[in-house]
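In numbering that gives the first Met the number 0, the protein residues as written are 0 to 82. Beta carbons are placed, not taken as given, at the ideal position from N, Cα and C, and that holds for glycine.
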Amino acid sequence: MSYDLRRLRLHGLITRLDGTNAYVTTPEGIRVAIFYTKLRERLLAPLLDADQPPAPIELRRALRTVDRLVRDYVDHARLGTAA
Numbered sequence: 000m001s002y003d004l005r006r007l008r009l010h011g012l013i014t015r016l017d018g019t020n021a022y023v024t025t026p027e028g029i030r031v032a033i034f035y036t037k038l039r040e041r042l043l044a045p046l047l048d049a050d051q052p053p054a055p056i057e058l059r060r061a062l063r064t065v066d067r068l069v070r071d072y073v074d075h076a077r078l079g080t081a082a
């Protein structure tokens with residue numbers, strides 16, 4: 000945890016309150032948090048749900064094709080499954 004707090008502090012996303020072990024978010028940290036929240040809501044979540052209805056059938060077919068090709072490649076490379 001101390002490593003993560005240090006990295007956030009060095010990047011200017013949080014500041015430590017004097018005389019305490021508490022941290023507060025800087026204005027830049029709030030902007031970054033909002034950006035990543037919106038990124039997840041508007042881009043990542045729809046992409047992760049794109050293989051299920053009501054996603055367009057063309058998109059679902061393309062994702063199944065990609066999934067099949069990656070699975071075939073892993074099988075051929077004998078990489079196995081991740082733990």
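- With contacts defined by Cβ atoms closer than 8 Å, residue 33 and residue 25 do not form a contacting pair.
- A distance below 8 Å between beta-carbons, with the five flanking residues on each side excluded, links residue 8 to the following residues of its chain, in chain order: 14, 15, 22.
- DSSP places residue 15 in the strand class (E or B) of the three-state scheme.
- For residue 28, same chain residues with a beta-carbon under 6 Å away, outside a window of 5 residues either side, are 12, 13 in chain order.
- Where residue 36 is concerned, there is no enclosing beta strand (DSSP E), although the alpha helix (DSSP H) around it starts and stops at 26-38.
- Straight across, the Cα-Cα distance linking residue 53 with residue 62 is about 14 Å.
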